[in-house]
């Protein structure tokens, strides 16, 4: 008998020399089935079996263990006595979805930089026609609401060229950062998740992310060949919107295939009151719709990947078409019975090609190579009276390569090389920015290491940014103030437009340090310090023309205003063009285990040479005449005027907080509360425009065997801390509800849902919106739909 026992012992010893065995269980010792065990630095993971057991054949030093409804667990194997582990996961009420768009591991509770991830059923319940409206209830995120058709995210009071929007970590490459009336060329209904990095994310994405990043993640380049998919059909009442979308993945052991598509059609949306704040009292209730807010859009994506034992290489091609009205863009009276020829709308088209690859390698110093590349061809025509008035275009090529090194002295990380070239042009009546080429070449180093209960993350990035434009215009501009309207036009009839070339180079540098301290089980504290620089965008430098989307005349920082003999004119500025420099600190407290979860962030951001639009106090004619009502006795002589804004720079500071608390009352009931606030002003005490007001919100969730329901309340405070020429906004409350019934169909289920928004039919004007006085939020809206997974 002793010889068989000896042989068995030798066999067990041999297996344990090359394999890691373990069991995953909860606090009560019950095995967790389907928990994911992923070795750090490897693409493939294993899931626990019916007894909660797993086995890894790889020789690894660190594993990440996750399961729905439980806190993440990181296990450092060099700290373990043996290779047979019992891993305990604690219950949590905070959904802990990993961030896909970063080269280092991060989630809601594990990152020094505050992040949010909207995914799964929460994403489907909150998705809207625009990206900004989809994210509007995320702590620290607001929408610049542009009439339900072109809303973009506002992160901690910052937006436009400071908030980068990406698709699978690559620039979405549209022109939404140039004007609020330009739609984001990304679709949420087919996305897997949406990630928000609050605060400077320049280390990972470049200087255009000095205010934050929104990364839309989908499976257009599949990473596995598991057959699965989902679909959605819905109908809304407030604008008669119909939506259909689907996505699916399948394949073989070697090849994976992906397809998605969507179609959306909507009419002008209804509002509780007359849309114009200073409306005519004779306006009928039947006219309470926002003109030019209809939309029709569609798109599809095809993708395929070659699957290898050490990763994948894949390609995708996508097409997006979107035709949408432009609220507030009308230059005449807004007749709700307007013909097709009188509509003012945008016709957007985008073709996007992507290559994604993640490969593990076995080199002495290199463990993985992650490659992301994209080419995007974007056009956007603004059509007025059936004629193209302005045509925008953006052709962008981008490549990101992450070279991740082997673990060295317990440090993990790597080198990132990033190149982007964007050719942006605008032609037509409202081409307020000349054609330009922006080119970026950057290199970044990112590292992280655990020191006992403390995770340290740090990095540095250096960029070279060039902006080249061959035909910058400096026209003669006739301006006036409203105190002295009389002008002598004859003195300048022979003035000619100056045309010259511009070539500017910048070298932004970013440094970041962060730490997360797990000071007791289920609790941690984080700190993030960053020094980030941003090169001004082409529109901030070179603009000179009317921008009807912002109802202003915009002039770039390359120019200055000069007063002579009581007259004002514009000339080339003698000032140096400075980098915008942000010094930011974030402090975070998290409680993430048990029936109560808490996340609390406070931040302070001091920005040197903050580029902003300064009101000059001057006005100029827009060049458009109202064909319907000009010449009457009551006509406002300034009705056709546009205020002139000049881009300049000064020091600014922004500070505030985000708070979220979740309490699980029992297995059926859960409640969530949140609040956020940002204070934004120049250091001279001038408030920055369109700063979100203080906000509170609460959700009550019920989850049954086949029925779930959510009741949501949000309160927006009054905002009276306003910039020059900006009007205050009244506060308001909104009440929403969603009820979902799950119908089993074989091994899957269908979800039948009804969603009611703005139940109280409240007038809600969004302070961060450029058109808040003519386009409030939609009135009471009822959505019916069905979605399913297979």
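Residue numbers (my numbering): 161 to 950. Ideal placement from N, C-alpha and C gives every residue a C-beta, glycine not left out. The structure displayed is predicted, hence computed values, not measured ones.
For the ligand MN, I want to know if residue i counts as a neighbour, meaning its beta carbon is within less than 6 Å of at least one of the ligand's heavy atoms.
{"i": "residue 565", "result": "No copy of the ligand MN occurs in the structure displayed, which carries no ligand at all."}
Out of the options, which one is the CA nearest neighbour of residue i?
{"i": "residue 520", "options": "571, 192, 473, 781", "result": "473"}
{"i": "residue 483", "options": "463, 459, 477", "result": "459"}
{"i": "residue 453", "options": "632, 605, 505", "result": "505"}
{"i": "residue 275", "options": "312, 303, 316", "result": "316"}
{"i": "residue 280", "options": "269, 256, 261", "result": "256"}
{"i": "residue 781", "options": "752, 705, 842", "result": "705"}
{"i": "residue 758", "options": "834, 247, 549", "result": "834"}
{"i": "residue 699", "options": "714, 869, 688", "result": "714"}
{"i": "residue 549", "options": "569, 840, 584, 590", "result": "590"}
{"i": "residue 404", "options": "917, 304, 284", "result": "284"}
{"i": "residue 400", "options": "425, 522, 207", "result": "425"}
{"i": "residue 228", "options": "702, 252, 593, 221", "result": "252"}
{"i": "residue 869", "options": "859, 875, 306", "result": "859"}
{"i": "residue 635", "options": "702, 774, 877, 578", "result": "702"}
{"i": "residue 234", "options": "931, 711, 614, 719", "result": "614"}
{"i": "residue 824", "options": "927, 800, 755, 343", "result": "755"}
Tell me which residues share the same chain as residue i and place their Cβ nearer than 6 Å to its Cβ, disregarding the 5 neighbours each side in the sequence.
{"i": "residue 760", "result": "749, 819"}
{"i": "residue 768", "result": "741, 811"}
{"i": "residue 477", "result": "462, 513"}
{"i": "residue 744", "result": "359, 360, 690, 765"}
{"i": "residue 144", "result": "One cannot answer for residue 144 here, as it falls past the ends of the chain, which runs 161 to 950."}
{"i": "residue 583", "result": "555, 597"}
{"i": "residue 480", "result": "345, 459, 510"}
{"i": "residue 911", "result": "900, 902, 947"}
{"i": "residue 697", "result": "321"}
{"i": "residue 394", "result": "403, 943, 945"}
{"i": "residue 815", "result": "764, 839"}
Just how far apart, CA to CA, sit residue i and residue j?
{"i": "residue 889", "j": "residue 852", "result": "10 Å"}
{"i": "residue 432", "j": "residue 862", "result": "30 Å"}
{"i": "residue 110", "j": "residue 727", "result": "Because the chain is modelled from 161 through 950, residue 110 falls outside the range shown and cannot be assessed."}
{"i": "residue 558", "j": "residue 581", "result": "6 Å"}
{"i": "residue 278", "j": "residue 734", "result": "46 Å"}
{"i": "residue 443", "j": "residue 434", "result": "Residue placement at residue 443 is flagged as unreliable, the pLDDT there being 46, under the threshold of 50; the coordinate-derived value follows with that caveat. Approximately 7 Å, taken between the alpha carbons."}
{"i": "residue 901", "j": "residue 864", "result": "9 Å"}
{"i": "residue 665", "j": "residue 627", "result": "7 Å"}
{"i": "residue 180", "j": "residue 250", "result": "22 Å"}
{"i": "residue 535", "j": "residue 375", "result": "17 Å"}
{"i": "residue 298", "j": "residue 730", "result": "42 Å"}
{"i": "residue 254", "j": "residue 831", "result": "12 Å"}
{"i": "residue 866", "j": "residue 805", "result": "56 Å"}
{"i": "residue 469", "j": "residue 414", "result": "9 Å"}
{"i": "residue 576", "j": "residue 562", "result": "5 Å"}
{"i": "residue 369", "j": "residue 777", "result": "31 Å"}
{"i": "residue 542", "j": "residue 508", "result": "9 Å"}
{"i": "residue 232", "j": "residue 282", "result": "19 Å"}
{"i": "residue 606", "j": "residue 573", "result": "5 Å"}
{"i": "residue 844", "j": "residue 887", "result": "20 Å"}
{"i": "residue 527", "j": "residue 564", "result": "6 Å"}
{"i": "residue 337", "j": "residue 841", "result": "21 Å"}
{"i": "residue 931", "j": "residue 587", "result": "24 Å"}
{"i": "residue 396", "j": "residue 475", "result": "35 Å"}
{"i": "residue 662", "j": "residue 939", "result": "47 Å"}
{"i": "residue 213", "j": "residue 225", "result": "12 Å"}
Does residue i have its Cβ less than 7 Å from a Cβ in chain C?
{"i": "residue 854", "result": "As a matter of chain content, chain C is missing from the structure shown, which is built from one protein chain."}
Might you give, ordered along the chain, the residues of its own chain that have their beta carbon closer than 7 Å to the beta carbon of residue i, omitting 5 neighbours on each side?
{"i": "residue 210", "result": "193"}
{"i": "residue 619", "result": "363, 604, 605, 606, 607, 672"}
In chain order, what residues of the same chain lie with their CB nearer than 8 Å to the CB of residue i, ignoring the 5 residues before and after it?
{"i": "residue 934", "result": "435, 436, 437, 450, 487, 488"}
{"i": "residue 323", "result": "312, 313, 314, 315, 337, 369, 371, 372, 373, 374"}
Taking Cβ to Cβ, would you say residue i is nearer than 7 Å to residue j?
{"i": "residue 1015", "j": "residue 709", "result": "The question about residue 1015 has no answer, for the chain in this structure spans 161 to 950."}
{"i": "residue 609", "j": "residue 571", "result": "yes"}
{"i": "residue 753", "j": "residue 682", "result": "yes"}
{"i": "residue 266", "j": "residue 688", "result": "no"}
{"i": "residue 406", "j": "residue 347", "result": "no"}
{"i": "residue 949", "j": "residue 908", "result": "yes"}
{"i": "residue 127", "j": "residue 183", "result": "Outside the shown range of the chain, which is 161 to 950, sits residue 127, and nothing can be said about it."}
{"i": "residue 351", "j": "residue 384", "result": "no"}
(message) Count Cβ pairs between the region 408-425 and the region 463-480 that sit closer than 8 Å; are there 3 or more?
(response) yes
(message) Whether or not the region 881-896 and the region 840-856 are in contact is what I'm after, with contact meaning three or more pairs of Cβ atoms, one per stretch, closer than 8 Å; do they touch?
(response) yes
(message) Across the region 891-898 and the region 915-927, are there enough close Cβ pairs to call them in contact, namely three or more that are closer than 8 Å?
(response) yes
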